[in-house]
Amino acid sequence: MTSVQVARFSVPLQWCTSAISASWSLHRWYCLVPKELARELRNRWYDKDSRQLWQEWMAMAKDVGVPLLNSAARTLHKRLYGILNVMKHRVSNGNTESLNSKIKLLRIKPGGYRNKKHFKVAGRFHYGRLNMAL
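Heads up, the sequence shown stops at 143 in the working numbering, and the numbers go up one at a time, no gaps.
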């Protein structure tokens with residue numbers, strides 16, 4: 010037997026044997042299993058069972074009784090629509106967020122700009138799209 014059933018999820022046996030070792034308390038094991046199950050759910054492709062599996066995960070996380078897992082389950086409940094969209098379309102706005110943070114740093118670094126035009130030119134100079142032929 011290589012796995013144990015927890016709710017509808019199949020938990021690898023190695024997670025269970027980790028709980029038995031002296032360095033792992035049962036409390037830590039109760040946190041490890043939902044974390045690893047959430048990772049597996051997140052890495053799946055979207056299908057007709059995805060929403061139900063996430064809802065079962067949230068119920069399991071609340072039943073554990075660990076306050077941080079309860080908080081994570083509440084947050085997941087609020088954000089489930091977006092998480093399912095990411096699973097379905099595999100699109101991220103990471104590049105946009107990265108560019109926004111770089112632009113914020115660019116605004117702070119020199120201590121300010123004389124006007125918006127100078128700020129736009131500096132942004133284009135540092136992050137591309139500045140036509141140097143002008």
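The beta-carbon is built from N, C-alpha and C at its ideal position, and this holds for glycine as well.
{"Check": "Compute the Euclidean distance between the alpha carbons of N109 and N102, then round it to the nearest angstrom.", "Outcome": "11 Å"}
{"Check": "How long is the line joining the alpha carbons of N220 and H127, rounded to whole angstroms?", "Outcome": "Here the chain covers residues 10 to 143 and nothing more, so residue 220 does not appear."}
{"Check": "Would L115 and H86 be called neighbours here (beta carbons separated by less than 9 Å)?", "Outcome": "no"}
{"Check": "Specify, as a first and last residue, the run of the alpha helix (DSSP H) that W66 falls within.", "Outcome": "59–73"}
{"Check": "Report the CB separation of L78 from W63 in whole angstroms; it is logged as a contact under 8 Å.", "Outcome": "No, L78 and W63 are not in contact; Cβ-Cβ is about 14 Å, not under 8 Å."}
{"Check": "Using a 10 Å radius around the Cβ and a threshold of 16 neighbouring Cβ atoms, would you call V42 buried or exposed?", "Outcome": "buried"}
{"Check": "CB-CB under 8 Å to R60, same chain, minus the five flanking residues each way: which ones, in chain order?", "Outcome": "L89, L93"}
{"Check": "Kindly indicate which residue of T105, E106, G132 has the alpha-carbon position closest to the one of K118.", "Outcome": "G132"}
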